[in-house]
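Quick notes on the structure that follows.
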Ligand SMILES: [Zn+2]
């Protein structure tokens, strides 16, 4: 049984709007890109996005969960939208397509019309905190993330094939997230295949 620290963001336009997800079709993995940053600091960063600033510098970002070592912190309830895998730019130069072919294939209407819909409306986002700038994870971060993913797969009647990582949705050219999985696809495959050996 995993232990989750509930530390929900306050409802605000930049990280937790309170909007409901339409459904859950995928679990999306990320890295925080901040080696050794605590789950609390990452959560507080999302919370701080609501602080008043010039509108043109506004940042919209959040995730449902942040994992570091044995700590799993929940920032947004699963039935609400987090801002973790939407995009406002084409996935590669010279195209107008915002989401990748694989994302369109897997997530359908959530990736077809970026102005009216977004993969954020059908996904749960998990931020994994790395130990270094290459993107390696501690054993516990890796393992706890797997247990969390397994729990969510069960909760939403999904299969391992429904797990994705951020760059698979918005393209590896524009966004390298999580760095380890982008540079070593076999590590993502290992993360997923090991799930079959785990019990929750
Ligand atoms: Zn990401």
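Residue numbers (the working numbering): 3 to 202.
Backbone N, C-alpha and C fix where the C-beta goes; we use that ideal spot for every residue, glycine too.
From a predicted model like this one, the values you see are computed outputs, not experimental measurements.
Can you tell me whether residue i sits near ligand 1, meaning its C-beta is under 7 Å from at least one heavy atom of the ligand?
i	result
residue 113	no
residue 77	no
residue 145	no
residue 179	yes
residue 138	no
residue 66	no
residue 1	Residue 1 is absent from the model: the chain starts at 3 and stops at 202.
CB residue i to CB residue j, shorter than 8 Å?
i	j	result
residue 129	residue 12	no
residue 76	residue 160	no
residue 186	residue 127	no
residue 70	residue 41	yes
residue 91	residue 100	yes
residue 124	residue 27	yes
residue 163	residue 121	no
On a CA-only basis, which of the options is nearest residue i? Give me that one, please.
i	options	result
residue 104	137, 169, 156, 138	169
residue 96	194, 176, 37	176
Tell me the rounded alpha-carbon separation between residue i and residue j.
i	j	result
residue 85	residue 73	21 Å
residue 114	residue 106	7 Å
residue 150	residue 119	27 Å
Using a Cβ-Cβ cut-off of 6 Å (strictly less than) and excluding sequence neighbours within five positions of residue i, which residues of its own chain qualify?
i	result
residue 21	83
Under 8 Å Cβ to Cβ from residue i, same chain only, skipping five residues before and after it: list those, please.
i	result
residue 45	9, 11, 68, 75, 77
residue 3	202
Spatial neighbours of residue i within its chain, please: CB distance less than 7 Å, with the 5 preceding and 5 following residues excluded, ordered by chain position.
i	result
residue 24	123, 124
residue 14	52
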